[in-house]
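Here is the structure we will look at.
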Amino acid sequence: MKELESKIYQYLKDRDWDNLRPSDLAKSIMIEGAELLELFQWENFSLAKVKSNKEKLEEIKGELADVLIYAIEMSVLLGMDTKKVIYDKLLHVEKKYPVSLVKNKKHDVKSASNYYRIKKEYRKKGL
Ligand SMILES: [Mg+2]
Numbered sequence: 041m042k043e044l045e046s047k048i049y050q051y052l053k054d055r056d057w058d059n060l061r062p063s064d065l066a067k068s069i070m071i072e073g074a075e076l077l078e079l080f081q082w083e084n085f086s087l088a089k090v091k092s093n094k095e096k097l098e099e100i101k102g103e104l105a106d107v108l109i110y111a112i113e114m115s116v117l118l119g120m121d122t123k124k125v126i127y128d129k130l131l132h133v134e135k136k137y138p139v140s141l142v143k144n145k146k147h148d149v150k151s152a153s154n155y156y157r158i159k160k161e162y163r164k165k166g167l
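Per the numbering used here, the very first residue in the sequence shown carries number 41; after that it's consecutive.
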């Protein structure tokens, strides 16, 4: 991760983009996220169906890279350790959604209510 962070920092520095405002990076992350979402507009294909569509996968790869690069740019310019940021959040989410509460639950409307119930109960604990 450090090598990737260094490469991204150098990419920014070479272009005099190493002083971008965090708000502009946050906007860019969301704009690219919207471009990623647009690839699924009017579609709701399964994971297997999307994985079998090479053209769609290439489009997703491009937009996903845009999101990830902007996110890492923000992390790097704010002096964060990107790997630690991700690991810390994973630990938090693992506590919030323990395997015992979510494993073997279908991902449908009914399970969405289960998700919100778990989330609401977690927030009540003030964690
Ligand atoms: Mg894009």
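Heads up, the beta-carbon is just placed ideally off N, CA and C, and yes, glycines get one too.
Going by C-alpha distance, which of the options is nearest residue i?
{"i": "E45", "options": "D56, P138, L117, K136", "result": "L117"}
{"i": "Y231", "options": "K136, G119, A74, A66", "result": "Nothing about residue 231 can be read from this structure; the chain reaches only from 41 to 167."}
{"i": "K136", "options": "E161, S115, K123, K145", "result": "E161"}
{"i": "E169", "options": "K53, L108, V125", "result": "Outside the modelled stretch of the chain, which goes from 41 to 167, sits residue 169, for which no answer is possible."}
{"i": "S140", "options": "D128, K129, N154", "result": "N154"}
{"i": "L79", "options": "L87, S86, E99, R61", "result": "E99"}
{"i": "S115", "options": "R61, D56, R55, D54", "result": "R61"}
What whole-angstrom Cβ distance do residue i and residue j have, given they're in contact under 8 Å?
{"i": "E113", "j": "I48", "result": "6 Å"}
{"i": "L97", "j": "K91", "result": "7 Å"}
{"i": "K232", "j": "M41", "result": "The question about residue 232 has no answer, for the chain in this structure spans 41 to 167."}
{"i": "E75", "j": "D56", "result": "With 8 Å as the limit, E75 and D56 do not qualify as a contact, their Cβ atoms being about 25 Å apart."}
Could you tell me the boundaries of the alpha helix (DSSP H) in which residue i lies?
{"i": "Q19", "result": "For the chain, the structure presents residues 41 to 167; residue 19 sits outside this window and is missing."}
{"i": "G166", "result": "Unbroken run through G166: none, as it is neither H nor E."}
{"i": "L131", "result": "122-136"}
{"i": "D64", "result": "62-78"}
{"i": "L117", "result": "94-117"}
{"i": "S140", "result": "139-142"}
{"i": "K91", "result": "87-91"}
By C-beta, the residues closer than 7 Å to any heavy atom of ligand 1, given in chain order
E72, E75, G102, E103, D106
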